[in-house]
Structure formats: C-alpha cells, structure tokens
C-alpha cells in the first residue's frame, strides 16, 4: 500500500513538471514564467520556512510564508506579528497580534507580545497590563515569562 502512495506522489509530481514545462514553452516568446498550479507545501511547512527567513533577517519573505499558512493556521498571525515587530513595523505587528487573538482567543503568547509591544512604545499600558494578566490566566505554566512583561509594564507606570 505504501508503494502505491509513493507512485501516486511521483505521478502527481511528474504531471506538475509537465504542466510547468508546457507553460514555460508556451510563454517562451516573452519572459520565461514558471506557473505553480498546486502549492506543494503544507501550512506547517510554510510556517517552518517563514521561521528560517525570520532567523536570517528576511522579514518580508517570512511574512509572505506566514500569510500562506494563515489560510488554515490562525497561529500564523502571531508569527506575522513577530516578524513585523522585528522589522520595526509596529502598526503591522499590532494588527497581526490583534488578529491572532481574534482568531484564537486563547493565544496567550499573542497577548503577551502585544503587551510587550505596548510597553516598548510606552502606550496603552492599561490594556497591556490586562493582556498580560489574561495570558497568565490562560497559560499559568508560562507565568514566569509573562510576569517579566508585567513587571516591565508596572515599572513603566
């Protein structure tokens, strides 16, 4: 049975290559183009690829991969928020963290990171404090990490 599965994948790959080659020759009079009909990566693989780009400092590429993953994985908005934060796009980061929380109201990491963003900007500190306290309620096993954010916010006030 496993052998049939391998053959099916091989057949699909061969079919995809034929389509790509056909498209290349069809448009060879103009600039060459590669047409991808089916995305061969899963949402999880897009997240992993995004993390690799993010570690290399290629934040736009990371965000692009996370966007592809967000079609089926709401946690991708959290990752987009992190990449936006790292590239200095704080408005974008705020929007992505909010979307992550809206899509998954139990995403304590997004709450903590949004609170950290507000702390770094020195704004919305009341909301930041409420976000961190809610994150601690949701994920008590991460209290130490979240408490660091809470202490910074309290010091700022």
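In the working numbering, the protein residues as written are -10 to 146.
From the three backbone atoms N, C-alpha and C, an ideal C-beta is built for every residue, glycine too.
Residue span of the alpha helix (DSSP H) that contains residue 70, given as start and end: Within the chain shown, residue 70 is the residue found at index 81, counting from 1. Taken as a continuous stretch (DSSP letters only), the alpha helix (DSSP H) holding residue 70 covers 65 to 75.
Consult DSSP for residue 129 and reduce its assignment to one of helix, strand or coil. By one-based count along the chain shown, residue 129 stands at place 140. Looking at residue 129 - three-state DSSP - the assignment turns out to be helix.
Close beta carbons around residue 35, own chain, < 6 Å, minus the five adjacent residues each side: In the chain shown, counting from the first residue as 1, residue 35 sits at position 46. Once the five neighbours on either side are set aside, the close Cβ partners of residue 35 are 54, 57, 58.
Helix, strand or coil at residue 58 [DSSP, three-state]: Locating residue 58 in the chain shown gives position 69, counting from the first residue. DSSP places residue 58 in helix when its eight states are reduced to three.
Beta-carbon proximity list for residue 51, same chain, < 6 Å, skipping 5 on both sides: In the chain shown, the residue the question calls residue 51 occupies position 62. Taken in chain order, the residues that qualify are 39, 42, 43, 72.
Could you give the first and the last residue of the continuous alpha helix (DSSP H) run that contains residue 99? The sequence position of residue 99 within the chain shown is 110, counting from 1. Here the alpha helix (DSSP H) through residue 99 covers 97 to 110.
Where residue 46 falls, given that 16 or more other Cβ within 10 Å makes a residue buried: One-based indexing of the chain shown puts residue 46 at position 57. Burial call: exposed.
Inter-residue spacing [alpha-carbon to alpha-carbon] between residue 93 and residue 64: One-based indexing of the chain shown puts residue 93 at position 104. One-based indexing of the chain shown puts residue 64 at position 75. The alpha-carbon atoms of residue 93 and residue 64 are separated by roughly 8 Å.
Can you tell me the Cα-Cα spacing of residue 136 and residue 124, whole angstroms? One-based indexing of the chain shown puts residue 136 at position 147. One-based indexing of the chain shown puts residue 124 at position 135. Rounded to whole angstroms, residue 136 to residue 124 spans 10 Å at the Cα level.
Buried or exposed: where does residue 14 fall if 16 or more other Cβ atoms within 10 Å of its Cβ makes it buried? As a first step, residue 14 is located in the chain shown; it is residue number 25 there, counting from the start. Low per-residue confidence applies at residue 14: pLDDT is 48, beneath 50, and the placement is therefore not dependable, though the value from the model is reported in the following sentence. Exposed, since its Cβ has fewer than 16 Cβ neighbours within 10 Å.
Return the residue from the list 116, 91, 81 that minimises the CA-CA distance to residue 49. For this step, residue 49 is matched to residue 60 along the chain shown. Cα-wise, what sits closest to residue 49 is 81.
Give the secondary structure of residue 45 by DSSP, where H, G and I count as helix, E and B as strand, and everything else as coil. For this step, residue 45 is matched to residue 56 along the chain shown. It is coil, neither helix nor strand.
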